[in-house]
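Undergrad: So the sequence lines, in the order shown, correspond to chains F and H.
According to our numbering, numbering within the first sequence proceeds without interruption in unit steps and concludes at 362.
According to our numbering, numbering within the second sequence proceeds without interruption in unit steps and concludes at 615.
Glycine included, every Cβ here is placed at the ideal spot set by N, Cα and C.
Keep in mind that this is a model prediction, so the values were computed, not measured.
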Amino acid sequence: MDDAGAPTARRRRVVHGVLLALLLLLPPAAMALGEPFYVSLATRILIMALAAASLNLILGFGGMVSFGHAAFVGIGGYVVGIAFVHAGDGSAFLGLLPGTTNGLVLLPLAMLVAGLIALPIGAVCLRTTGISFIMITLAFAQMLFYLLVSLRRYNGQDGIAVWQRSSLPWPIDLNDRVSFYYLALAVLVAFLALTHRLVGSRFGRVLRAAKDNERRARALGFHTYRYKLVAFVLAGAVAGLAGALFANATGFVGPSYLRWDRSGDLIVMVVIGGIGTLAGPALGATLLMLLEEFMPEALDGLVPGLGEHWKIFLGPILILIVLYARRGLAGLIDGVPGGALWRHLRPEPEPGKPPRRWRKRR
Amino acid sequence: MTALLHAAGLTKRFGGLVANDAVDLDVGEGEIHAVIGPNGAGKTTLLAQLSGELSPDAGSIHFGGREITAWPVAARARLGLARSFQITTILPSFTVRDNVALAVQGRERHSFKFWRNAARDPALNAPAAKALDRVGLAAHADRPAAALAHGQKRRLELAMALAMRPKLLLLDEPMAGMGGEESAEMVTLLAGLRSQAPILLVEHDMDAVFALADRITVLLHGRVIASGPPAAIRADTRVREAYLGDDAANGGA
């Protein structure tokens, strides 16, 4: 949590309130317009925003650049998928656990399993920092990816079509797209509120200190490794929840969930949204998924066949955002000009003084 | 052995270089013990072993009656070993107050508390304010630590060390990069801390060392060549030859 001044905090509250109001009004508006598809798209965006927000907890506030976060999303999805397979043919997982489609079991179980797998992975990865940390998180995610590809019982590369959604108690019904949407929104808002509290708490302060200057944090008596590991496991568990919801939203789970470029997408969402900001990851997820949804079609409209190369155009957009939107899209909420490039050229303005454009370079 | 800190036979090698060669060192209650020596004498290596960032190849470290030779940094800090660094080591994105409040937080048994706002907790902020007042930074509490001037950052480090309620302060060149006036202020400040916690001081500023130290240990090529009260060190011919030079021996720096 950055120490925003009172005007910034007020402005943030207003913008967050407006965004939340718009999100609450989206389903009735879409239904009234006869475009129910948008409700489903928005649901998927909200779920990815949850996954990105969970990554932001460790990346943005703890400085842990995990390049394998999609693995935990995938694990959550596979909990739903595998349980569905066994529920379908009446068999038991490893001959022990019967299948189910009960969401009250599956959603907590997805968090538990993802968290339990994140624990040893984090315990090993957090022995390293910097590039090593990035590479070893990627390596673990790839291991899980190939493991799932090799599981013929669960259709290997082809994945599992989950055509029965998890059941949840009234009034939540995942078969009803509006109900599903509000569930996803509630979960996201709850997690962001939790993140807000957590980051400002004693625990969050130690986590931020470890990011800022780990050597100093240790010299003050904090076993930073333990704090980072707890955050890593928590982030993994929430990513698992996002995966379980995503499998329900798309009716499919496969190894592609865990592919390395999915982990990259999550990092991109956090970076363009605003690293270490509350709303940033959700904004980043929204932008990236909207571009993914609509850009190919739009490009095909211009030049037939151009659509499949849409990522060529995505790249420059991302670069522009990183360069010119300081703290990403969330920085726009705060009205902060400039980006990474700007930061390098301009010193931090002193509090109480307006930033001076002509100040000399560092 | 009644000394608070007792290091015996500390040896640290980096490849062929022997950075510390069987160094013995004591710090007692109420004492300021200075370690001096030319660049590369092994002072920072010694401090790193005492604080736990490096583990010695041989030798032992006792602190408050406990052997801590193999303890990690954080555990030693919890025991009351507070250190400042040669190169200023603060949390640049935190405010000055939050830097010190984090040090206060380090005194608590653990920080696995996930809900209550830490920045508005008087249990952390009140002791932090006291420590800041002590080093003369009270007026800067709300500024980002990165915005402080160099001398202020050095004092912030000291405030953080004080806020840990230390049993021993390990200070690595607290006067580094300071002007004459700032150094003099720091000397006054450190002299006043003697009653609070003994200090192991590594310092290049000879005026400061001779003004503060009750005892001085001289390192040369990783070895202790002399140890004793300032007057004895000043008179020691080996020290004069090896390190201080003639003008220092005559009372200059």
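Counting only beta-carbon separations shorter than 8 Å, does residue 526 of chain H have a partner in chain F?
TA: Numbered from its first residue, the second sequence carries residue 526 of chain H at position 164. Yes, residue 526 of chain H lies at the interface with chain F (some Cβ there is under 8 Å from its Cβ).
Undergrad: List the residues of chain H that residue 213 of chain F touches, going by C-beta distances under 8 Å, in chain order.
TA: The count along the first sequence starts at 1 and reaches residue 213 of chain F at position 213. Under the 8 Å cutoff, chain H gives 451, 452, 453 and 454.
Undergrad: Strictly below 8 Å CB to CB, what residues from chain H border residue 200 of chain F?
TA: Here the question's residue 200 of chain F lines up with position 200 in the first sequence. In chain order: 479, 480 and 481.
Undergrad: Go ahead and label residue 37 of chain F buried or exposed: buried means 16 or more other beta carbons lie within 10 angstroms of its beta carbon, across all protein chains shown.
TA: As a first step, residue 37 of chain F is located in the first sequence; it is residue number 37 there, counting from the start. Answer is exposed; the Cβ neighbour count stays below 16.
Undergrad: Does DSSP classify residue 380 of chain H as helix, strand or coil?
TA: Along the second sequence, one-based indexing puts residue 380 of chain H at 18. In the structure shown, residue 380 of chain H sits in a strand (DSSP, three-state: E or B).
Undergrad: Among H:538, H:549, H:503 and H:592, whose alpha-carbon lies nearest the alpha-carbon of residue 463 of chain H?
TA: Locating residue 463 of chain H in the second sequence gives position 101, counting from the first residue. Cα-wise, what sits closest to residue 463 of chain H is H:503.
Undergrad: Under a Cβ-count criterion, where at least 16 other Cβ atoms within 10 Å of its own Cβ denotes burial, should residue 184 of chain F be classed as buried or exposed?
TA: Mapped onto the first sequence, residue 184 of chain F falls at position 184. By the neighbour-count rule (16 or more Cβ atoms within 10 Å), residue 184 of chain F is buried.
Undergrad: Counting only beta-carbon atoms, is residue 522 of chain H nearer than 8 Å to chain F?
TA: Position 160 of the second sequence holds residue 522 of chain H. Yes, residue 522 of chain H counts as interfacial toward chain F.
Undergrad: What are the boundary residues of the beta strand (DSSP E) that includes residue 446 of chain H?
TA: If you number the second sequence from 1, residue 446 of chain H lands on position 84. Taken as a continuous stretch (DSSP letters only), the beta strand (DSSP E) holding residue 446 of chain H covers 443-446.
Undergrad: At which residues does the alpha helix (DSSP H) containing residue 576 of chain H begin and terminate?
TA: Position 214 of the second sequence holds residue 576 of chain H. Element bounds for residue 576 of chain H: n/a, residue is neither H nor E.
Undergrad: Leaving out the 5 sequence neighbours to the left and right, which residues in its chain are closer than 7 Å to residue 496 of chain H when beta-carbon positions are compared?
TA: Looking up residue 496 of chain H in the second sequence gives position 134. The answer, listed in chain order, is 521 and 524.
Undergrad: Per DSSP, residue 375 of chain H forms a beta bridge with which residues?
TA: Taking the second sequence and counting its residues from 1, the one referred to as residue 375 of chain H is at position 13. Bridge partners of residue 375 of chain H: H:380.
Undergrad: Is it a yes or a no for the stretch 240-259 of chain F touching the stretch 6-20 of chain F, going by three-plus beta-carbon pairs under 8 Å?
TA: They do not touch, by the three-pair rule.
Undergrad: Take the Cβ of residue 271 of chain F as the centre, count every other Cβ of all protein chains shown within 10 Å, and call the residue buried at 16 or more, exposed below.
TA: In the first sequence, the residue the question calls residue 271 of chain F occupies position 271. Buried, because 16 or more other Cβ atoms sit within 10 Å of the Cβ of residue 271 of chain F.
Undergrad: Please list the terminal residues of the continuous beta strand (DSSP E) segment that includes residue 397 of chain H.
TA: Numbered from its first residue, the second sequence carries residue 397 of chain H at position 35. Per DSSP, residue 397 of chain H belongs to the beta strand (DSSP E) from 394-398.
Undergrad: Counting contacts by CB-CB distance shorter than 8 Å, is residue 218 of chain F in contact with chain H?
TA: Walking along the first sequence from the start, residue 218 of chain F turns up at place 218. So, interface residue.
Undergrad: Would you mind sorting residue 598 of chain H into buried or exposed? The rule is 16 or more other CB atoms within 10 Å of its CB.
TA: Numbered from 1 along the second sequence, position 236 holds the residue referred to as residue 598 of chain H. Residue 598 of chain H comes out buried.
Undergrad: Just list the residues that DSSP pairs residue 489 of chain H with in beta bridges.
TA: The count along the second sequence starts at 1 and reaches residue 489 of chain H at position 127. For residue 489 of chain H, which the question treats as bridged, DSSP gives no partner whatsoever.
Undergrad: In this structure, how does DSSP classify residue 168 of chain F when only helix, strand and coil are distinguished?
TA: For the purposes of this step, residue 168 of chain F is taken as the residue at position 168 of the first sequence. Correct three-state label for residue 168 of chain F: coil.
Undergrad: Measure how close the beta-carbons of residue 560 of chain H and residue 391 of chain H come, nearest whole angstrom, since I'm counting them as under 8 Å.
TA: Residue mapping note: residue 560 of chain H aligns to position 198 of the second sequence, counting from 1. Residue mapping note: residue 391 of chain H aligns to position 29 of the second sequence, counting from 1. That belief holds up - the Cβ atoms of residue 560 of chain H and residue 391 of chain H are roughly 6 Å apart, short of 8 Å.
Undergrad: Taking the alpha carbon of residue 631 of chain H as the point to measure from, which residue in H:586, H:585, H:549 and H:374 has its own alpha carbon closest?
TA: Outside the shown range of chain H, which is 363 to 615, sits residue 631 of chain H, and nothing can be said about it.
Undergrad: Could you list which residues in chain H have their beta carbon closer than 8 Å to that of residue 16 of chain F, in chain order?
TA: Here residue 16 of chain F refers to the residue found at position 16 of the first sequence. Simply none; closest approach about 18 Å.
Undergrad: According to the Cβ coordinates, are residue 514 of chain H and residue 499 of chain H closer than 8 Å?
TA: Locating residue 514 of chain H in the second sequence gives position 152, counting from the first residue. Locating residue 499 of chain H in the second sequence gives position 137, counting from the first residue. It is a contact, given that the beta carbons lie within the stated cut-off.
Undergrad: Measure the alpha-carbon distance for residue 193 of chain F versus residue 68 of chain F and round it to whole angstroms.
TA: Residue numbering aside, residue 193 of chain F sits at position 193 when the first sequence is read from its first letter. Residue numbering aside, residue 68 of chain F sits at position 68 when the first sequence is read from its first letter. Their Cα atoms are separated by approximately 25 Å.
Undergrad: In angstroms with no decimal places, state the Cα-to-Cα distance between residue 3 of chain F and residue 321 of chain F.
TA: Numbered from 1 along the first sequence, position 3 holds the residue referred to as residue 3 of chain F. Numbered from 1 along the first sequence, position 321 holds the residue referred to as residue 321 of chain F. With a pLDDT of 48 at residue 3 of chain F, under the threshold of 50, the predicted position of this residue should be treated as unreliable, though the coordinate-derived value follows. Spanning the two alpha carbons is a distance of roughly 23 Å.
Undergrad: What ranges does the alpha helix (DSSP H) occupy inside the stretch 159-206 of chain F, keeping only unbroken runs of at least 4 residues that lie completely in it?
TA: Entirely contained in the stretch 159-206 of chain F, the alpha helix (DSSP H) runs reaching 4 residues are, in chain order, 177-200.
Undergrad: Return the chain-ordered list of same chain residues with a C-beta closer than 6 Å to the C-beta of residue 43 of chain F, the five sequence neighbours on each side being excluded.
TA: Within the first sequence, the letter at position 43 stands for residue 43 of chain F. Result list for residue 43 of chain F: 180, 181, 184 and 249, in chain order.
Undergrad: Do residue 188 of chain F and residue 50 of chain F have their C-beta atoms within less than 8 Å of each other?
TA: As a working note, residue 188 of chain F is residue 188 in the first sequence. As a working note, residue 50 of chain F is residue 50 in the first sequence. Yes, these two residues count as a Cβ contact at 8 Å.
Undergrad: Report the three-state DSSP secondary structure of residue 15 of chain F (helix, strand or coil).
TA: Counting from 1 along the first sequence, the entry for residue 15 of chain F is found at position 15. In this structure, residue 15 of chain F counts as helix in the three-state DSSP scheme.
Undergrad: Have a look at H:517, H:536 and H:600 and flag the residue whose alpha-carbon is nearest the alpha-carbon of residue 587 of chain H.
TA: Here residue 587 of chain H corresponds to residue number 225 of the second sequence, with the count starting at 1. Checking every option, the nearest Cα to that of residue 587 of chain H belongs to H:600.
Undergrad: Relative to the C-alpha of residue 275 of chain F, which residue among F:13, F:63 and F:140 is closest?
TA: Numbered from its first residue, the first sequence carries residue 275 of chain F at position 275. Per the Cα distances, F:63.
Undergrad: When you compare only the Cα positions, how much space is there between residue 414 of chain H and residue 130 of chain F?
TA: Within the second sequence, the letter at position 52 stands for residue 414 of chain H. Within the first sequence, the letter at position 130 stands for residue 130 of chain F. Those two C-alpha atoms are separated by around 22 Å.
Undergrad: Starting from residue 587 of chain H, trace the beta strand (DSSP E) both ways and give me its first and last residue.
TA: For the purposes of this step, residue 587 of chain H is identified with residue 225 of the second sequence, where counting begins at 1. Per DSSP, residue 587 of chain H belongs to the beta strand (DSSP E) from 585-590.
Undergrad: Within 10 angstroms of the Cβ of residue 477 of chain H, are there 16 or more other Cβ atoms? Answer buried if so, exposed if not.
TA: The sequence position of residue 477 of chain H within the second sequence is 115, counting from 1. Exposed is the call here.
Undergrad: Taking 7 Å as the cut-off, is the CB of residue 487 of chain H close to at least one heavy atom of the ligand FAD?
TA: As far as ligands go, the structure on display features none, and thus does not contain the ligand FAD.
Undergrad: Name the chain H residues whose beta carbon is nearer than 9 Å to that of residue 309 of chain F?
TA: Mapped onto the first sequence, residue 309 of chain F falls at position 309. Chain H residues near residue 309 of chain F: none, gap ~40 Å exceeds 9 Å.
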